[in-house]
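As structure tokens, the structure follows; a few thoughts come after it.
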Amino acid sequence: MRLFTRITIALLVFSALAGCKTQKKRGDISGISKAYHNTTTHYNYFYNAEVLYNESKLSLESQYKDNYNKILPVFKYLAADNPKGEAQNLDQAIEKMSIAISLHRYSDWADDCYLLIGQSQYMKQDFESAEETLEFLLAEYNPGQARYKGGKSSSSQKSTKTKSKKKKQKRKKRSKNWRKKASRQRAKGKGSKKKSEETEESVEEEQAINPGETTISIGTTQPEVEEGSPEGYFLKHRPAYQEGALWLARTYIERENFPEAERLILQLDKNPGTFKDVRRDLAPTEAHYYLKQKKYNLAIEPLTKAIDLADDKYLKARYAYILGQIHQRMGNEALAYERFEQVVKLRPTYEMEFSARLNLAQNAWATGNSTAEEAIKELERMVKDDKNVDYLDQIYYALANIYLNNKEVDKGIAHLKKSLAVASSNPAQKSEAYYKLASLYYSREDYVSAKYYYDSTMSVLARTDERYEDVERLAFNLTDIARNLEVIQLQDSLLAIYRMSDEEKRALATQIKQKQEEERRRAILQKAISQNSASASSPLTGNNFTQVAGQGTSQFWAYDDRTVKRGLRDFERKWGNRPLEDNWRRSSVEFGSLEEEEEAEEAVSSVLTDEDMELIFQDVPQNEQDVAVANKKIMDAYFALGKLYRDRLKKSEKAVVALETLFERFPDNPYELEAYYFLYLAHTDLGQTAKAKVYYDKIVSKYPDSPIAKSLTDPNYVKNTLDKERQLNKYYDATLTAFNNRQYQAAYDRISNVGVEFGGQDSHDARFALLRAMCIGNLKGRDEYIYSLKEVIGKYPDTPEETRAKEILRLLGAASATTPGGVTVDPNASPFVVEYDKIHYIIIAFDKAIDLTQAKTTVSDFNQKYNRLGSKLRISNIYLGDAEDRVPMIVIRRFTNKEEVMEYYDTVEKNSKDFLSSDLGYTVFAISQTNYRQILRNKTMDGYMDFFELHYID
């Protein structure tokens, strides 16, 4: 028996080895060899890669916290905050699949390997690579083509020879690219080199004999098993073709190649042989396709289908919730109500169920199922429910929406502020409340409040939110408007106080002091309350006791966080915030203690001293000179508002009001000509021709020789001015060329004649002045050069030429001297320039000497793991400063622009644990190529960090 067993094992081993030898054709592989390739690929490479893929998918989904105030994403993993955090696991999955393809090319699982590679690239949000992979899968593994089924007939080979050379070359190039990629991945795998060499020849010969088609076709290809017959693949491998088409459609959606995505979706949908599980995943894909394009009405049908086909109740609930949101957005309250009811019945997570109940309360009165008052009472009942303590911000937000829909705007605003006042760890909810408040104030033309709420919105709104750019634009546009409105409000208030009698001032000061003291008193009491609340809080309310180690969830009440919170609230309602101490029931021991209240009372003094008066009214004008200064500020603010309303907000009617107020309050203001011109433009915008003509006549009659009047009366004036500007630019360029060619005297002479040639040309004065100073430096020496540069600084402040002149003076060692006009040169002026669209580097500056070789290796590993540029980035090191005080630095180059370099910077911030150790003491920053050269010239980083934080850190 033993002999028989040995002979059997020997035969099996011999057969396996024979099956592993190089084959000329796929059809020549034996059954045992095929089984070996299939088993090894499936249960070794594919299984392990699939585990990595599924873990990464779950991790990405857990990164995203649903914002129920916006339409939920169909696929949570696409909304993950940091997809690069899973790049390492997904790259490992890709590597395993690439090795499997190389070593087991003839396995039935090769197409599944390509599918998993494409899915992994998709999860990494490397959609370009995913598209290439999945297109290759559909081209090379079409079940309707002979190549996939295991060899071509002679007639098929003859037919292949008739294909165009262009298609052959494209096909070969694609195959070659994939072989190269697989080879690179294979080189990383241990122990695979020998097996790879054994199979490489057969792979290349098989590809040369059976080039295959690259046309992607779904509708004309029928799978071997019809829908509803998955048992036909019980012992037979199922092609990954349809799944590949589905994932390619998803990839096209993210690449915004919507026509190709639609083609694949329609072909899969209309093909009666589409597998049941593929059809189940197709419906949410189609919904995502429409939602991505904001075609909400078209997403209703596929979402309805997705609910019917889904076999997971949580997915059913998610699709139903999204459908409810769409109906709500489209004004179909009754249909929205039905869907949110469906969500509640499906018993999803408590958070989703809670949000669905909120929407039910809001939609109930809109559908006639209840009144607004009943909906409000229901929500107020939810406020009192202890289990909703973590969701108060959402309840108040829902109440605000009901009030706003009921035209009770003031109550709506009050409840939005309540939503923000609640302590919450939900930034998405805060961003919605801030945004709605900002929008409400903006619609009310309360631009000061709107500006600050837009600023707050930006502080919590995700940069990926589609509203972010609009919020950023509005916040910027309102900045100067709000500032000028505040100037007018403040100065008018100060002038009003200036005109008060002494008795009125004293009465006002008393009120102000009482208010200040009352605020101080409340602050003292609040501090005492906080301290007592902290001491009264039992340790059992923390998370450390919610579960006993080694056991399941405890039933003991003190381990239930919600029960403890509820008990604490009941206690505080009856007894107040009492400190944790003996005899706490005694009536003599009052909450907060009498001493604390007495301390607060003593803080309030009713006596108003002269010092108090001076302090309170320190900004109030004291004489007519101060009044004139205040009026000048108001006048400047009104003129600025007149321009800003029209230019920034496109509100010409507000511009008219501001400028007419300017003339009413300050008839002899110095902005008359420009104010007339902006009034002319604003009335023209509003179609008020007669009023526009009034200001046209004033400009022409009072300022006939002004450029504005000439531009209004002479149609060719602007054109002639532009022609002169172009000629002047050419003259300057020729002068600069002479300077660059070391023809300093010729350049100097041309500058001296510019006034004769062109007359007054203020726009170029600074440019010619700086060039003149540089000519003098080369013709007359250092002292004359310094004097001329100081002239430039004194005559042309706040210009690029002033900045450049200061930089030159610094290099000459004369930065602290005064200019001929008496202006002291600022030695701290930044020599750095803003150039967001130019080439950038990443600099890592270290606080002390380190092993730069090891540090560069760590950075290189980080780049391979997280950065899509990967090996394209070059890493070098430099030392900045003198030999005694050298700063070691690593330079990573190069990035196309600010956006690309800051993407890398953000990746480092998010994944700092995988970057350099914090013990090394380093600073990471981005820098343009020009500014990098500047710090090399200066041999110091002085001033750059301030520049970086100002221009790069939002």
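Just so you know, this note's numbering puts 353 at position 59 of the sequence shown, and the rest follows in order with no gaps.
Ideal placement from N, C-alpha and C gives every residue a C-beta, glycine not left out.
Rounded to the nearest whole angstrom, the C-alpha separation of residue 406 and residue 344 is 10 Å. By the Cβ criterion, the segment 1182-1199 is in contact with the segment 1131-1140, since at least three pairs of Cβ atoms, one from each stretch, lie closer than 8 Å.
In terms of CA proximity to residue 901, 806 leads the group 1089, 806 and 954. Taken atom to atom, the span from the alpha-carbon of residue 935 to that of residue 914 is near 24 Å.
With contacts defined as CB atoms closer than 9 Å, residue 362 and residue 646 qualify as a contacting pair. Going by beta carbons, residue 1153 and residue 1209 fall inside the 9 Å limit. For residue 1232, the enclosing alpha helix (DSSP H) starts and ends at 1223-1232. With a beta-carbon spacing of about 6 Å, residue 547 and residue 582 fall inside the 8 Å limit used to define contacts. Excluding sequence positions up to five before and after residue 610, its CB lies within less than 6 Å of the CB of 601, 604 and 640, all in the same chain and listed in chain order. Under DSSP, the beta-bridge partners assigned to residue 1168 are 1187.
Between the alpha carbons of residue 770 and residue 932 lies a distance of about 19 Å. The DSSP-derived three-state label of residue 1181 is strand.
DSSP places residue 621 in the helix class (H, G or I) of the three-state scheme.
Excluding sequence positions up to five before and after residue 1045, its CB lies within less than 8 Å of the CB of 1029, 1062, 1065, 1066 and 1069, all in the same chain and listed in chain order. Secondary structure at residue 957: helix, using DSSP grouped into helix, strand and coil. Going by C-alpha positions, residue 651 is about 14 Å away from residue 686.
DSSP places residue 393 in the uninterrupted alpha helix (DSSP H) bounded by 381-397. Cα atoms of residue 1041 and residue 1032: separation of roughly 6 Å, rounded to the nearest angstrom.
Listed in chain order, the non-local C-beta contacts of residue 539 below 7 Å within the same chain comprise 432, 512, 558 and 562, local neighbours out to five positions each way being set aside. Counting C-beta pairs with one atom in each stretch, the segment 940-950 and the segment 962-982 have three or more that are closer than 8 Å, which means they touch. In summary, residue 801 is exposed, with fewer than 16 beta-carbon neighbours lying within 10 Å of its beta-carbon over all protein chains present. One alpha carbon belongs to residue 389, the other to residue 1201, and they sit about 23 Å apart.
Residue 1217 sits in a strand when the DSSP states are folded into three classes. Residue environment analysis places residue 809 among the exposed positions, since fewer than 16 neighbouring C-beta atoms fall within 10 angstroms of its C-beta. Between residue 543 and the set 923, 575 and 938, the nearest pair of CA atoms involves 575. If you draw a straight line from the Cα of residue 360 to the Cα of residue 722, it comes to about 8 Å. For residue 535, the three-state secondary structure derived from DSSP is helix. Counting along the chain, residue 1139 sits inside the beta strand (DSSP E) bounded by residues 1134-1140.
Per DSSP, the continuous alpha helix (DSSP H) segment holding residue 1006 begins and ends at 1001-1007. Pairing residue 748 with residue 762 gives a Cβ-Cβ distance that is not under 9 Å. Between the alpha carbons of residue 970 and residue 954 lies a gap of roughly 10 Å.
Counted as a single uninterrupted DSSP element, the alpha helix (DSSP H) harbouring residue 1042 occupies residues 1038-1046. In the three-state reduction of the DSSP assignment, residue 1173 falls in the strand class, which pools E and B.
Residue 1148 and residue 1205 have their C-alpha atoms roughly 19 Å apart.
Annotation for residue 378: no alpha helix (DSSP H) segment contains it, and DSSP assigns it neither H nor E.
For residue 745, the enclosing alpha helix (DSSP H) has its first and last residue at 741-754.
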